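Everything below concerns the one structure shown next.
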Amino acid sequence: MELQAQKRQGQPIIYILAFTLVLSVMSGTMFNIVLPVIAEQFQLTVAQVSWVTSGYLLVYAVGTVIYGKLSDMYGLRSVLTFGLVLLALGSLFGLFAQAYWMVLLGRVIQAAGAAVIPAAASIIPVRYYPEEQRGLVLGIAMTGMSIGSAIGPVVAAFVVSFLHWRWLFFMPILTLITLPYYRGFLREESRRQDKRMDWMGGGLLVGAAAMLLLAITYETWIAGFGSVVLFILLFMRINYANEPFIPRDLTRNKGFSIGLTLAFLATSIGYSLYFLTPQLMNQVQQLDTGMTGFVMVPAAVVAAILGKSGGKLADVKGIPFLFYSASAMLLICFSLMSSFAEKSPVAIACFLILGVVGQSFLYMSLSNQISRTLAKEQIGVGMGVLAMSNFIAGAVAANLYGKIVDHGSGVHWNPMIMEPKAFVYSNLYLVLGFLHVFILLIYRYKLGKKVSDRITGNS
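Per our numbering: the sequence shown = residues -12 to 446.
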């Protein structure tokens, strides 16, 4: 009886969550589009302006795990209310920003609130849906994310065509619309006084990641050394604290650790499609921000349409099948992007369809597989750590790609490229393609075979 009630209660929540994810993802994709405009207004390099993205993702990443743990202590409904209100306040602050530091602060406050959304996306499928429906539920959530990616560039193009780019801060305020529905559908949960938050561990993680980003942006060994020291202290904290920020049993779970590493690398590589493409369109194709947004729309639209199908494919054909299919699409995409980076924007838009759909399917397959390496009581925090890892990967990748683009390249490794401005982009896409082959091999021999054997055994 209780299970049936839980299922009925779960049905509308996933669609409310998907709508919230639409608005949340829009916030990120819209700002990627206008980074060249922000850089021009405040006289910034690509690496410096990348902090609009990487700073947001860093706070977003750690906040995801913090909210996951706070939801155990105070209940998801209360934590979600706090996060969405904080997101709205950060959006209002950024809307009236007049200096670059105010833009960054607005984005950080936004991230501190918005981080509750991926935390909820990790918790709701587990608490309100049975395991056999998890692929479908993840597909619906991914569809929401893909729709956000699809309309984000369109909205950004529209806003910068008629209004100032600061109005992009306004969109996340609309998440407040969902608040009454969450408070109505989410059940009240008792507070757990036995749970504690490891604020020191979280602070060490933020500090270590921030130092790493500073080392990349300003090429300073002092920040790099500081990052290493803080990571060592974090590792010690994990091993000796009573309730560490990253639980010890997760780090000792081999399947989880391998899956987490692959997800981190795959996200770092895949983020190039979202971060580098606007720079490529602006610097090589000489497109304005509005047209750049429309180049990225077809890929996001197709990913949104196929999102639910990807989840079903994992349930029917198996996780490895979805992973290998996604990998094939990404490898073809990177090969084409490397070979035709200087060609027509229409061609780039077509190549992106393969890459964005592939990246969406890849995330589905890895997150689904990682969830199956966890015990029931580990799923909430384990999936939260996965989300945190992915966002940190995006933050590091944004800074690293920005720095590489700033340096440029005087040589081209792909003989099909002749435009000097496109050399650095072509070389990057070529290297990323080879790196993905490395990920594919690790998956094949470390995870894929085990899953296939388990499926064969069950059948």
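Built from N, CA and C at the ideal position, the CB exists for glycine as well. From a predicted model like this one, the values you see are computed outputs, not experimental measurements.
Residue i, buried or exposed, once every other Cβ within 10 Å from all chains shown has been counted against 16
i	result
residue 241	exposed
residue 170	exposed
residue 230	exposed
residue 219	exposed
residue 375	buried
residue -12	With a pLDDT of 38 at residue -12, under the threshold of 50, the modelled position of that residue is not reliable, and the figure given next carries that caveat. Burial call: exposed.
residue 86	exposed
residue 432	exposed
residue 105	buried
residue 395	exposed
residue 236	exposed
residue 445	With a pLDDT of 45 at residue 445, under the threshold of 50, the predicted position of this residue should be treated as unreliable, though the coordinate-derived value follows. Exposed.
residue 206	exposed
residue 83	exposed
residue 402	exposed
residue 148	exposed
residue 333	exposed
residue 96	buried
residue 331	exposed
residue 224	buried
residue 209	exposed
residue 362	exposed
residue 251	buried
residue 405	exposed
residue 450	This structure leaves residue 450 out entirely; the chain is present only between -12 and 446.
residue 398	exposed
residue 315	exposed
residue 38	buried
residue 27	exposed
residue 226	exposed
residue 217	buried
residue 35	buried
residue 164	exposed
Boundaries of the alpha helix (DSSP H) in which residue i is found, first to last residue
i	result
residue 84	Where residue 84 is concerned, there is no enclosing alpha helix (DSSP H), given that its DSSP letter is neither H nor E.
residue 37	Neither: residue 37 is in no alpha helix (DSSP H) and is coded neither H nor E.
residue 227	208 to 227
residue 235	235 to 238
Reference residue i, options the options, closest by Cα
i	options	result
residue 5	71, 110, 55, 128	128
residue 172	63, 292, 195, 134	63
residue 303	373, 336, 355	355
residue 101	139, 46, 225	46
residue 411	194, 245, 267, 108	267
residue 71	19, 16, 11	11
residue 109	211, 58, 390, 140	58
residue 33	390, 377, 92	390
residue 414	327, 311, 93	327
residue 0	347, 167, 285, 405	167
residue 233	39, 50, 73, 381	50
residue 319	75, 39, 341	341
residue 286	321, 338, 150, 245	338
residue 19	68, 141, 131	141
residue 132	379, 429, 7, 399	7
residue 297	283, 81, 48, 123	123
residue 107	187, 130, 16, 55	55
residue 300	143, 214, 312	312
residue 317	294, 325, 345, 324	345
residue 321	418, 98, 81	418
(request) Output the residue ranges of the alpha helix (DSSP H) runs that lie fully inside the stretch 258 to 292 and measure 4 residues or longer, sorted by chain position. (result) none
(request) Ignoring anything shorter than 3 residues or poking outside the stretch 129 to 195, list the beta strand (DSSP E) runs there in chain order. (result) none
(request) Would you list, in sequence order, the uninterrupted alpha helix (DSSP H) runs of no fewer than 4 residues that lie entirely inside the stretch 401 to 440? (result) 410 to 430
(message) I'd like the ranges of any alpha helix (DSSP H) spanning at least 4 consecutive residues and lying wholly in the stretch 325 to 404.
(response) 332 to 358, 366 to 394
(message) Quick test of the definition: if touching needs 3 or more C-beta pairs under 8 angstroms, does the stretch 269 to 280 touch the stretch 416 to 432?
(response) no
(request) Ignoring anything shorter than 4 residues or poking outside the stretch 294 to 328, list the alpha helix (DSSP H) runs there in chain order. (result) 306 to 326
(message) Quick test of the definition: if touching needs 3 or more C-beta pairs under 8 angstroms, does the stretch 158 to 166 touch the stretch 187 to 207?
(response) no
(request) Evaluate contact between the stretch 344 to 351 and the stretch 303 to 317, counting only Cβ atoms and requiring at least three cross-stretch pairs below 8 angstroms. (result) yes
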